[in-house]
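Q: So that you can map any letter, position 25 of the sequence shown is 24 in numbering that gives the first Met the number 0, and since no number is skipped, the others follow by simple counting. Glycine is no exception: its CB is placed at the ideal position from the N, C-alpha and C atoms. A quick note: this is a predicted structure, and the numbers were derived from the prediction, not measured.
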Amino acid sequence: MSEVKIRVLVAKPGLDGHDRGALVVAKALRDAGMEVIYTGLRQTPQQIVATAIQEDVDVVGLSSLSGAHMHLFPEVVRLLNEQGAGDILVVGGGVIPDDDIPGLKEAGVAEVFTPGASLTAMADYIKTKVQK
0 MSEVKIRVLV
10 AKPGLDGHDR
20 GALVVAKALR
30 DAGMEVIYTG
40 LRQTPQQIVA
50 TAIQEDVDVV
60 GLSSLSGAHM
70 HLFPEVVRLL
80 NEQGAGDILV
90 VGGGVIPDDD
100 IPGLKEAGVA
110 EVFTPGASLT
120 AMADYIKTKV
130 QK
């Protein structure tokens, strides 16, 4: 019997047009044995949540380089909760000032990975938090 893979949605909310980092993370998570779905650029929180629910993911990974993370990340968490999908783990990453991380965590983002974070640490964190 095959092991059920952790399903991760990697999403780029807002007007951020840079996805190289998100693509690197997506590949690393795939290489770590996870099933990864990538939304593409310029997704609204509503689109991200709809995709997360439709794809029955375990994790939503949000990437932002545009500085809109304090609005967009909490909005994704809020909408997931509103849609009855608050059990989906939400993690974030990108160029996020250290001072913003506590506020994101208070808003329901489980963990925030900033530039230089280990890809292995990201995968290990997800595996630890999502037990299949």
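Which residue spans inside the segment 13-58 form an unbroken alpha helix (DSSP H) run of at least 4?
A: Whole alpha helix (DSSP H) segments, 4+ residues: 19-30 and 44-53.
Q: Can you give, in chain order, each stretch of the beta strand (DSSP E) that sits fully within the segment 63-123 and has at least 3 residues?
A: As far as the segment 63-123 is concerned, its whole beta strand (DSSP E) runs of at least 3 residues are 88-93 and 110-112.
Q: Taking the alpha carbon of residue 107 as the point to measure from, which residue in 85, 32 and 93 has its own alpha carbon closest?
A: Cα-wise, what sits closest to residue 107 is 85.
Q: Residue range of the beta strand (DSSP E) that residue 7 falls in?
A: Residue 7 -> beta strand (DSSP E) spans 6-10.
Q: Give a yes or no on whether the C-beta atoms belonging to residue 7 and residue 91 are separated by under 8 Å.
A: Their beta carbons are not under 8 Å apart, which means residue 7 does not touch residue 91 by this criterion.
Q: For residue 82, I'd like the list of residues in its chain whose CB is within less than 8 Å of its CB, leaving aside the five on either flank, ordered along the chain.
A: Cβ within range, chain order: 48 and 52.
Q: Quick one: residues in its chain with C-beta nearer than 8 Å to the C-beta of residue 45, no 5 flanking neighbours on either side, listed in chain order?
A: These residues qualify, in order along the chain: 78.
Q: For residue 24 and residue 80, I'd like the C-alpha separation in whole angstroms.
A: The alpha-carbon atoms of residue 24 and residue 80 are separated by roughly 25 Å.
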